[in-house]
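Per numbering that gives the first Met the number 0, the very first residue in the sequence shown carries number 0; after that it's consecutive.
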Amino acid sequence: MLNQLAQAFHYKGENLQAKSLYPDALEFYEKALTINQSNGNKYGMATNLNSIADVWSIKSDNAKAQEYFEKALSLFEEINNQEGIAKAYNGFGNINLGNNNKKALEYYQKALSIFEQLGNKSSVAANHGNIGSVYRNLPDSACARLGIAPANKYPKALEYLNKALAINKEIGSLQQEKDNWDGISKTYEKMGDFAKAHDAYKKYIVLRDSIGSEEVKNKITQKEMQYAFEKKETALKYEQSLNQEQLQKQQLLNQQQSQALLLKSRELALSNKEKELAHLEYLKEQAEKQDKEKQLSLTLKENELIQSKSKFEATLKLNQISLLQKESDIAKIRASRNLGINFGLGGALLGILFVALAFYSQNKKKEKLNLSLTLEKQKSDDLLLNILPEEVATELKQSGEAIAKQYNNVTVLFTDFVGFTTIS
Numbered sequence: 000m001l002n003q004l005a006q007a008f009h010y011k012g013e014n015l016q017a018k019s020l021y022p023d024a025l026e027f028y029e030k031a032l033t034i035n036q037s038n039g040n041k042y043g044m045a046t047n048l049n050s051i052a053d054v055w056s057i058k059s060d061n062a063k064a065q066e067y068f069e070k071a072l073s074l075f076e077e078i079n080n081q082e083g084i085a086k087a088y089n090g091f092g093n094i095n096l097g098n099n100n101k102k103a104l105e106y107y108q109k110a111l112s113i114f115e116q117l118g119n120k121s122s123v124a125a126n127h128g129n130i131g132s133v134y135r136n137l138p139d140s141a142c143a144r145l146g147i148a149p150a151n152k153y154p155k156a157l158e159y160l161n162k163a164l165a166i167n168k169e170i171g172s173l174q175q176e177k178d179n180w181d182g183i184s185k186t187y188e189k190m191g192d193f194a195k196a197h198d199a200y201k202k203y204i205v206l207r208d209s210i211g212s213e214e215v216k217n218k219i220t221q222k223e224m225q226y227a228f229e230k231k232e233t234a235l236k237y238e239q240s241l242n243q244e245q246l247q248k249q250q251l252l253n254q255q256q257s258q259a260l261l262l263k264s265r266e267l268a269l270s271n272k273e274k275e276l277a278h279l280e281y282l283k284e285q286a287e288k289q290d291k292e293k294q295l296s297l298t299l300k301e302n303e304l305i306q307s308k309s310k311f312e313a314t315l316k317l318n319q320i321s322l323l324q325k326e327s328d329i330a331k332i333r334a335s336r337n338l339g340i341n342f343g344l345g346g347a348l349l350g351i352l353f354v355a356l357a358f359y360s361q362n363k364k365k366e367k368l369n370l371s372l373t374l375e376k377q378k379s380d381d382l383l384l385n386i387l388p389e390e391v392a393t394e395l396k397q398s399g400e401a402i403a404k405q406y407n408n409v410t411v412l413f414t415d416f417v418g419f420t421t422i423s
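As structure tokens, this is what we get:
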């Protein structure tokens, strides 16, 4: 009978804890603990201690949480209850989270290892989710202590969260699957990928809404069970001394409290719904902003390419003008050479009269003239090679024109030599 009463007290504490009524929850956990201590029920004691530690952890009193988790772990180890040991490790992970992330990860990994050995998929998924959350919220300064590059913490978080998501889909745990989508959305948001964050958050809301009706049913069931417990507790305390009228009043009071609680829950759900919709709209706006920025970046690059093309075409035109000028200079040189040749021929005709006297002298002059023409031609060729590539210069001399070629990557040097025109 006492064991049943201890279980009833513990169950009452869990209900109160779920409603965030932590002082009342602690009161009933302590009642259950006292009964189990009097009976020597070590498993019951360890379970009560672990629940008390959970409440102190939620209330951020890590010192008391540490104290009760250590007591619970000691009893679980004494009776070799592996599941209880893993739960205590989870508790240690929770109280070290944020203060000592390295130790928190170590405890979560220990708990994960035990749950995997036990084949407890629900707890395995929960631990994957816990580890993913640690990596997501890990400060960059703490990454070095864990041997993790800051750039890898978000991919690592997504790795564990996706593992948790896959397991929860397999076992049909909609509640945990919903939490996984929420964690994935937050991770993508921190990464700055608002499009994926928006998609994940939509899946979170859809799941949240789909299990909402089921939660209402569960709340009704909890209320019925709570009422049954209260009825049983009242019977034990007052030995069924209440008359029918008092019982009816108590039932009416319970109904009024249930209605008030349901109304408050609905108000809270509506408020949360508005916040979630606002967050969803924010993620959508950020995703659209990113798309616009990408489009703007592409437009700027296109403009840069157009400007580069225009500059290249202008440079090419200047080169063509320069080539035309050089062709004109070459034509002048050729005309000068032809004039020299004609002059030489005229001189030769006149020299016929003096052929005997000037034959030797004329040969010398002809050799000098040929040498001069060769030098002039060499100068012309060298001039072309100074301003044009050899391939283009050859093509220009052979056909009188050069076909323009396109190069994807070039370097153009514009320079001005002082006195170049006079020198040339």
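Glycine included, every Cβ here is placed at the ideal spot set by N, Cα and C.
Check: Pick out whichever of SER19, TYR21, LEU20 and ALA31 has its Cα sitting closest to the Cα of PHE8.; Outcome: ALA31
Check: Mark PHE193 as exposed unless 16 or more other C-beta atoms lie within 10 angstroms of its C-beta, in which case mark it buried.; Outcome: buried
Check: Contact check, ALA87 vs ALA62 under 8 angstroms by CB: the rounded distance?; Outcome: Not a contact, Cβ separation roughly 16 angstroms.
Check: Under 8 angstroms by Cβ, that's how I've got THR90 and ASN49 pegged, so tell me the actual separation to the nearest angstrom.; Outcome: Reading the sequence as shown, one finds Gly at residue 90 and not Thr. Rounded, the Cβ-Cβ distance is 7 angstroms, consistent with contact.
Check: Give the DSSP-derived three-state secondary structure of LYS201 in the structure shown.; Outcome: helix
Check: Could you tell me the alpha carbon to alpha carbon distance between GLY418 and THR373, rounded to whole angstroms?; Outcome: 26 angstroms
Check: Does the pairing of the stretch 159 to 166 with the stretch 124 to 138 give three or more beta-carbon distances under 8 angstroms?; Outcome: yes
Check: Note down, in chain order, each residue of its chain lying with its Cβ closer than 6 angstroms to the Cβ of GLU326, except the 5 sequence neighbours on either side.; Outcome: none
Check: Alpha carbon to alpha carbon, how far is GLU312 from THR414?; Outcome: 18 angstroms
Check: In this structure, how does DSSP classify GLU266 when only helix, strand and coil are distinguished?; Outcome: helix
Check: Nearest by alpha-carbon distance to GLN289: which of MET190, SER379 and LYS263 is it?; Outcome: MET190
Check: Answer with buried or exposed for SER132, where buried requires no fewer than 16 other C-beta atoms within 10 angstroms of its C-beta.; Outcome: buried
Check: Taking all protein chains shown into account, decide if ALA150 is buried (16 or more other Cβ within 10 angstroms of its Cβ) or exposed.; Outcome: exposed
Check: Pull up the distance between the alpha-carbon of LEU297 and that of GLU303, whole angstroms please.; Outcome: 10 angstroms
Check: Do you know how far the Cα of LEU382 is from the Cα of GLY345?; Outcome: Unreliable positioning characterises GLY345 in this predicted model, as indicated by a pLDDT of 48, which lies under 50. The coordinate reading is nonetheless provided below. Answer to the nearest angstrom: the Cα atoms are 31 angstroms apart.
Check: So what's TYR406 in DSSP terms, helix, strand or just coil?; Outcome: coil
Check: Rounding to the nearest angstrom, what Cα-Cα distance links GLU176 and LYS274 in this structure?; Outcome: 20 angstroms
Check: Tell me which same chain residues have a C-beta within less than 7 angstroms of the C-beta of GLN285, skipping the five on either side of it?; Outcome: PHE193
Check: Starting from the Cα of ILE386, find the closest Cα among GLN294, LEU323 and ALA334 and give me that residue.; Outcome: LEU323
Check: Is LEU41 near ILE78, with beta carbons less than 9 angstroms apart?; Outcome: Note that residue 41 corresponds to Lys in the displayed sequence, not to Leu. Against a cut-off of 9 angstroms, the Cβ pair of ILE78 and LYS41 comes out as a contact.
Check: Could you compute how far the alpha carbon of TYR10 sits from the alpha carbon of SER257?; Outcome: 18 angstroms
Check: State the DSSP-derived secondary structure class of ILE78, mapped to helix, strand or coil.; Outcome: coil
Check: What whole-angstrom Cβ distance do LYS58 and TYR21 have, given they're in contact under 8 angstroms?; Outcome: 6 angstroms
Check: From ALA85, ASN93, ASN136 and LYS331, pick the residue whose C-alpha is nearest to that of LEU111; which is it?; Outcome: ALA85
Check: Measuring CB to CB, does ILE183 end up less than 9 angstroms from ALA199?; Outcome: yes
Check: What three-state label does DSSP hand GLU400 in the structure shown?; Outcome: coil
Check: Quick one: what does DSSP say ILE340 is sitting in, helix, strand or coil?; Outcome: In this prediction, ILE340 scores a pLDDT of 46, lower than 50, which makes its location untrustworthy; no coordinate-derived value is stated.
Check: Given this structure, state the Cα-to-Cα distance separating ASP178 from ASP208, to the nearest angstrom.; Outcome: 13 angstroms
Check: The alpha helix (DSSP H) that contains ASP53, what's its start and end?; Outcome: 41 to 57
Check: In terms of residues, what are the limits of the alpha helix (DSSP H) holding PRO22?; Outcome: 21 to 38
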